[in-house]
Amino acid sequence: MTYKITKNINRISFHDSRITDFKLTDNVIVLQLDWAKLDNYEEENLPSLVLGSCVLTLNGVYHSSLEVEKNKGNIKLDFSDTFPKQFKEILENVSQNDNEISFKGFTPINGTNENNVSYQWTIWKLCFESFEFTWSTSITVDEWENGSIPN
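End of the sequence shown sits at 155 in my numbering; the numbers just go up one at a time, nothing left out.
So, in structure tokens, the structure goes:
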């Protein structure tokens with residue numbers, strides 16, 4: 005069974021998540037992530053859940069910006085289709101409302117193998133008309149804290 009939410013995007017935490025797939029079609033962005041945490045699944049009257057593989061679909065994307073934080077201020081970057089998979093991990097996501105999200109994490113700046121790579125703090129901001137967040141496996145936070153993982 006597939007579950008979904010379409011409101012209160014700020015309930016979703018992608019801390020330590022990885023983008024495993026990315027699709028951009030017209031003004032729709034689809035991100036497949038390896039896991040997430042959902043606070044207060046009010047639609048089913050459930051507490052916080054730890055989710056397995058999940059999909060965030062952003063519909064009507066009308067703004068996207070990409071910046072790298074530097075000591076002397078942020079530097080704007082051009083977006084490429086390969087960028088989302090370059091996130092080593094999403095370390096933080098922030099939403100002020102249901103029409104925007106910012107992902108913060110590290111992306112590589114040099115090197116070709118894991119042992120010789122330097123990373124930079126990168127911010128990807130998106131504004132959109134609506135979102136849909138779906139998943140099919142979950143466990144409670146208590147189960148997760150006791151060592152279970154969503155199958």
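Note that beta-carbon positions come from the ideal geometry of N, C-alpha and C, so glycine has one too.
Query: Cβ pair count under 8 Å reaching 3, the region 129-144 against the region 42-59; Result: yes
Query: Which listed residue (123, 19 and 100) has its alpha carbon closest to that of residue 132; Result: 100
Query: CB of residue 10 within 9 Å of CB of residue 134, strictly; Result: yes
Query: Residue interval of the beta strand (DSSP E) (run including residue 3); Result: Since the displayed the chain opens at 5 and closes at 155, residue 3 lies outside it and no answer follows.
Query: Buried or exposed by the 16-neighbour rule on C-beta atoms within 10 Å, applied to residue 21; Result: buried
Query: Where residue 194 falls, given that 16 or more other Cβ within 10 Å makes a residue buried; Result: Nothing can be reported for residue 194, as the shown portion of the chain is limited to 5 through 155.
Query: Endpoints, beta strand (DSSP E) assigned at residue 149; Result: Here residue 149 belongs to no beta strand (DSSP E); instead the alpha helix (DSSP H) covers 145-149.
Query: Residue 116 versus residue 12: straight-line alpha-carbon distance, rounded; Result: Its pLDDT being 48, under 50, residue 116 is placed unreliably by the model, and nothing is read from it.
Query: Distance CB(residue 94)-CB(residue 108) smaller than 9 Å; Result: yes
Query: Residue 126 classed as buried or exposed, judged by whether at least 16 other C-beta atoms fall within 10 angstroms; Result: buried
Query: For residue 13, the residue or residues it bridges with in DSSP; Result: In the DSSP output, where bridge partners are listed per residue, residue 13 has none listed.
Query: Residue 17 vs residue 144 beta-carbon contact at 9 Å; Result: no
Query: Inter-residue spacing [alpha-carbon to alpha-carbon] between residue 148 and residue 90; Result: 27 Å
Query: Contacts around residue 31, its chain only, beta-carbon distance under 6 Å, and the 5 residues preceding and following it disregarded; Result: 64 and 65
Query: Pick from 76, 75 and 62 that is closest to residue 106, judged by C-alpha positions; Result: 62
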